[in-house]
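> This is the structure, below, for whatever I ask next.
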Amino acid sequence: MLDIKFIRENAEAIKEVAKNKNIDLNIDELLDVNQRRLLLLQKLEDLSAQKNAVNLLISNAKNDAERKAAIERGKIIKKDIEIDEPEYQKIKEQFEVLMVKVPNLISADTPIGKNEEGNVEIEKTGETPKFNFEVKDHIQIGKDLDILDLEKGAKVAGYRGYYVKNEGVSLMMALMMYALNKMIEKGFSPMIPPTLVKGNALFGTGYFKGKEYDSEVDEVYEVASGDKEQDGKSSKEKKFLVGTAEPSLLAYFGDEVLRQEQLPIKVAGYSQCYRSEIGSYGKDTKGLYRVHEFMKVEQVVLMAADVEESIKMHDAMLEMSKEIHAELGLPYRVLKICSGDMSAGKFRAFDIEAWMPSRNAYGETGSASNFLDWQARRLNVKYVDKEGNKKYVYMLNNTVLPSPRPFIAILENFQQADGSVVIPEVLRKWMPGGIEKIERK
RNA sequence: GGAAGCAUGGCCGAGUGGUUGAAGGCAACAGUCUUGAAAACUGUCAUGGGGAGACCCAUCGUGAGUUCGAAUCUCACUGCUUCCUCCA
Numbered sequence: 003m004l005d006i007k008f009i010r011e012n013a014e015a016i017k018e019v020a021k022n023k024n025i026d027l028n029i030d031e032l033l034d035v036n037q038r039r040l041l042l043l044q045k046l047e048d049l050s051a052q053k054n055a056v057n058l059l060i061s062n063a064k065n066d067a068e069r070k071a072a073i074e075r076g077k078i079i080k081k082d083i084e085i086d087e088p089e090y091q092k093i094k095e096q097f098e099v100l101m102v103k104v105p106n107l108i109s110a111d112t113p114i115g116k117n118e119e120g121n122v123e124i125e126k127t128g129e130t131p132k133f134n135f136e137v138k139d140h141i142q143i144g145k146d147l148d149i150l151d152l153e154k155g156a157k158v159a160g161y162r163g164y165y166v167k168n169e170g171v172s173l174m175m176a177l178m179m180y181a182l183n184k185m186i187e188k189g190f191s192p193m194i195p196p197t198l199v200k201g202n203a204l205f206g207t208g209y210f211k212g213k214e215y216d217s218e219v220d221e222v223y224e225v226a227s228g229d230k231e232q233d234g235k236s237s238k239e240k241k242f243l244v245g246t247a248e249p250s251l252l253a254y255f256g257d258e259v260l261r262q263e264q265l266p267i268k269v270a271g272y273s274q275c276y277r278s279e280i281g282s283y284g285k286d287t288k289g290l291y292r293v294h295e296f297m298k299v300e301q302v303v304l305m306a307a308d309v310e311e312s313i314k315m316h317d318a319m320l321e322m323s324k325e326i327h328a329e330l331g332l333p334y335r336v337l338k339i340c341s342g343d344m345s346a347g348k349f350r351a352f353d354i355e356a357w358m359p360s361r362n363a364y365g366e367t368g369s370a371s372n373f374l375d376w377q378a379r380r381l382n383v384k385y386v387d388k389e390g391n392k393k394y395v396y397m398l399n400n401t402v403l404p405s406p407r408p409f410i411a412i413l414e415n416f417q418q419a420d421g422s423v424v425i426p427e428v429l430r431k432w433m434p435g436g437i438e439k440i441e442r443k
C-alpha cells in the first residue's frame, strides 16, 4: 500500500509502474473516487462540527427553554448526518478496493519487461557437470535409491503429492538444519512460526491481491472448517495455510511501534509451506519441482526507512543465498527480476537458480525481495526514529533454502556412475553416521 | 467442564454520561547546569484525516445500539488474565 498523497503527487510514475507490472488499475479513477470521497468527508465533518457546537450549547444552557431549543437543533443536524453517512461509507469502500491494488514503485535498476522472459541474468557461477554416463533425473534416482516415492504420494495426497524416505529424509532435514544454522551464524533469530494463520497476515504481506481472499487468483489454501469456539460452534474467522514463513514472520510485528535502536530486526523462520499452485496446472507436472507442500527456511529483515541502506541489505541477503549455493557445490545463476515478473508490492527483486541436469536448465531455488514500506503500511508496523518521528519500517525477505528444489539439484548434480549420490560436505554432519554418499542397497 | 475479571497514548496507569484527546509516572527529544557525562531543574511529547492557514473531524480492543451528548450505559464479537476441575 502507498500513501494517497504520494499517489496523487506521483500519479504519472505510478501509472507507468502499473503498466510495467501488468496491473490492471485506473489511477485516474482512483483519484476521482478520492476527490468525491474527500468532498463528502468534508461535508460530514462540517456537520459533526456543528453538532459538537450544539452539544456544548446544551451543556452550558442557562435555562430550560435554551436547552430545549438546542436539543431540537441537534436532532435536525443528526438527521442530516444520517442521510450522508451511508453514501460516504459506499465511496470509502470503493476507494479502499482501488487503493489496495496500487503497486509499489520499482528501483532504478529494475529492468522493464513484460514477463519472466524479461528477467536479466546478472551472474552465473560454477561449472555445470559433465557426465560420462547416462544422466538420470531425480525421479529415477529417488526411486533407485529408495529415498523418494511419488506414486505413493499421489495415491495418498493426490496430484503433486510425494513421500521422502530413508536417507532422503536425512538429506532434506540436513538441508534445513544447515540453512537454519547458517542464518543463526549470520545473526538472525530463529523462529518456528505458525503456518495456519488469519487472513490479515496474508493481506498485509501482499499475498492477497485484493482486500479479501479470492480463491480464483490467490495462490493460497483456505482451510474449510474454522476453529471450534468454546461453545462448540465453528468460528467465523477464516484460516489459511501460508505458502512461506514470510507472512507469519512479518505479521508478528503487526500494529507495533518499534524503536530505531531495535532495528534492523533479522529473523529466520523454518516452516512447512503450502501452495495451491493455482494457474500452473500444466506446468512442471512431474517430480518434486512444483509441489503443494514443502519445508523452507526463510529470512526477513525489518529496518529503518532508508532506500540506499535497504538496497545494501537486499544485496547482502542475496549474497547469503549465493554463499549457500556455493557451499552446497551447486552451479547457480542470479536473475534480476523485471517489472512484469514482479508482484505489486515489490520494489526490487532477485531470483537465484540452481542447475538441474534433468531440466538441462537452471531452476528457481530462491527469491530475494525488497518491499520498502509497502508491506509495513498494510501490517501497520512503525518505528520511532532518532528525532522522535514515527515512520513505517522497510521490510525485506529472502529464501534461505526450500526443501525440494535444492534436493533435486543435489541428487542430479552429484549422481555417480554407480547410481550413488555424493552428499555435499557441509551437510554431512547432519547425516546419520556422517555418510558421504547415498548408495543403492 | 465450572467461575470471575480485564482491554485507555511508545510503555505503565488514572478516569463510570457534558471544555476528557484523556491525570500521573516512565521512556524519548530540546534546553539550563557541567571540562564532559550523570543527577537535578525547565520545556516539548498520541495517532490518522481534511485545510494555504486559523482551525476542524475521527479514534480509549472491534462492531452495533441507547442519548441532544459515550472512554464512561446496553448488546454482540475478538483477545487476554486469574481461580477451580481435568490431563500430561
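Each residue of the first sequence is one higher than the one before, starting from 3 at the first, in our numbering.
The beta carbon of each residue, even a glycine, is placed where N, CA and C say it ideally should be.
Considering only residues of the same chain and omitting the five flanking positions on each side of Glu258, which have a CB-CB separation below 7 Å?
Answer for Glu258: Val383, listed in chain order.
> Following the continuous beta strand (DSSP E) through Asp146, name the residue where it begins and the one where it ends.
Element bounds for Asp146: not the beta strand (DSSP E) but the alpha helix (DSSP H), 140–146.
> To the nearest angstrom, how far is the alpha carbon of Lys443 from that of Ser312?
The straight-line gap from Cα to Cα measures roughly 50 Å.
> Quick check on DSSP: helix, strand or coil for Val423?
Strand.
> Grab the span of the beta strand (DSSP E) containing Thr401 for me, first residue to last.
Thr401 -> beta strand (DSSP E) spans 396–404.
> Rounded to whole angstroms, what is the Cα-Cα separation between Gln91 and Glu98?
Taking the straight line from one Cα to the other gives about 11 Å.
> Have a look at Phe180 and Arg261 and give me their C-alpha separation to the nearest angstrom.
It is Tyr, not Phe, that sits at residue 180 in the sequence shown. Going by the C-alpha atoms only, they are around 32 Å apart.
> In chain order, what residues of the same chain lie with their CB nearer than 6 Å to the CB of Ala13, ignoring the 5 residues before and after it?
Cβ within range, chain order: Ile29.
> Per DSSP, what kind of secondary structure is Val199 in: helix, strand or coil?
Looking at Val199 - three-state DSSP - the assignment turns out to be strand.
> Once DSSP output is grouped into helix, strand and coil, what is the label at Asp308?
In this structure, Asp308 counts as coil in the three-state DSSP scheme.
> Could you please give me the residues that DSSP links to Leu243 through a beta bridge?
Looking at the DSSP assignment, Leu243 forms a beta bridge with Leu198, Tyr223.
> On the premise that Gly201 lies in contact with Gly347, defined as a C-beta separation below 8 Å, what is that separation, rounded to the nearest angstrom?
No, Gly347 and Gly201 are not in contact; Cβ-Cβ is about 16 Å, not under 8 Å.
> From Lys116 to Ala110, what distance separates their C-alpha atoms?
Roughly 17 Å between the two C-alpha positions.
> Look at the alpha carbon of Leu152 and the alpha carbon of Ile412, and state the distance between them as a whole number of angstroms.
Straight-line Cα distance between these residues: approximately 18 Å.
> Sort Asp353, Arg39, Glu129, Val171 by Cα distance to Asp148 and report the nearest one.
Comparing Cα-Cα distances from Asp148 to each of Asp353, Arg39, Glu129, Val171, the minimum goes to Val171.
> Report the rounded CA-to-CA distance for Leu42 versus Asp343, giving the unit in angstroms.
Between Leu42 and Asp343, the C-alpha separation is close to 39 Å.
> Is there contact between the stretch 357–368 and the stretch 178–193, where contact requires at least three CB pairs shorter than 8 Å?
Because the criterion of three Cβ pairs below 8 Å is not met, the stretch 357–368 and the stretch 178–193 do not touch.
> Would you call Phe8 buried or exposed, if buried means 16 or more other Cβ atoms sit within 10 Å of its Cβ?
The residue is exposed, with fewer than 16 neighbouring Cβ atoms inside 10 Å.
> Please list the terminal residues of the continuous alpha helix (DSSP H) segment that includes Glu14.
From DSSP, the alpha helix (DSSP H) with Glu14 extends over 13–22.
> Flag this pair as touching only if the stretch 434–441 and the stretch 132–140 have three or more C-beta atom pairs under 8 Å; answer yes or no.
Taking 8 Å as the limit for Cβ pairs, the verdict is that the stretch 132–140 does not touch the stretch 434–441.
> Please determine, among Glu136, Leu49, Lys298, the residue with the shortest C-alpha to C-alpha distance to Val244.
It is Lys298.
> Is it buried or exposed, Phe133, if we count other Cβ atoms within 10 angstroms and call 16 or more buried?
Flag for Phe133 reads exposed.
> My understanding is that Ile79 touches Lys53, with C-beta atoms under 8 Å, so please give their C-beta distance in whole angstroms.
Contact flag correct, Cβ pair sits at about 5 Å.
> Suppose you measure from the CA of Lys230 to the CA of Glu47; what does that come to, to the nearest Å?
With a pLDDT of only 49 at Lys230, under the threshold of 50, the placement of this residue in the model should not be trusted; the figure read from the coordinates follows. Between Lys230 and Glu47, the C-alpha separation is close to 42 Å.
> Under a Cβ-count criterion, where at least 16 other Cβ atoms within 10 Å of its own Cβ denotes burial, should Leu40 be classed as buried or exposed?
Exposed is the call here.
> Leaving out five residues before and five after Val166 in sequence, what residues of the same chain have Cβ atoms less than 7 Å from its Cβ?
Excluding positions up to five away in sequence, the list reads Ile149, Leu150, Met174.
> Could you give the distance in angstroms between the alpha-carbon of Val199 and the alpha-carbon of Ala55?
Rounded to whole angstroms, Val199 to Ala55 spans 46 Å at the Cα level.
> Label Ile459 either buried or exposed according to how many other C-beta atoms from any shown protein chain fall within 10 Å of its C-beta, with 16 as the threshold for buried.
Summary: the structure shown does not reach residue 459, with the chain confined to residues 3 through 443, and so no result is reported for it.
> Counting only the same chain and skipping the five closest in sequence on each side, list residues whose C-beta sits under 7 Å from that of His316.
Excluding sequence neighbours, His316 sits near Arg350, Ala370, Asn372, Leu398.
> Could you tell me the distance, in whole angstroms, from the CA atom of Leu265 to the CA atom of Gly281?
Cα to Cα, the separation comes out at about 38 Å.
> Please classify Asn415: does DSSP put it in a helix, a strand, or coil?
Helix, per DSSP.
> Over what stretch of residues does the alpha helix (DSSP H) that includes Arg69 continue unbroken?
Looking at the DSSP string, the run of the alpha helix (DSSP H) that includes Arg69 is 66–101.
> Can you tell me which of the three DSSP states Gly212 falls into?
Gly212: coil per DSSP, three-state reduction.
> DSSP three-state call for Trp376: helix, strand or coil?
Trp376 falls in the helix class under three-state DSSP.
> Just curious, the alpha helix (DSSP H) that Gly488 is in, first and last residue?
Residue 488 falls outside the range modelled here, since the chain spans only 3 to 443, and no answer is possible.
> Is the beta carbon of Arg380 closer than 9 Å to that of Val293?
No, the Cβ-Cβ distance between Val293 and Arg380 is not below 9 Å.
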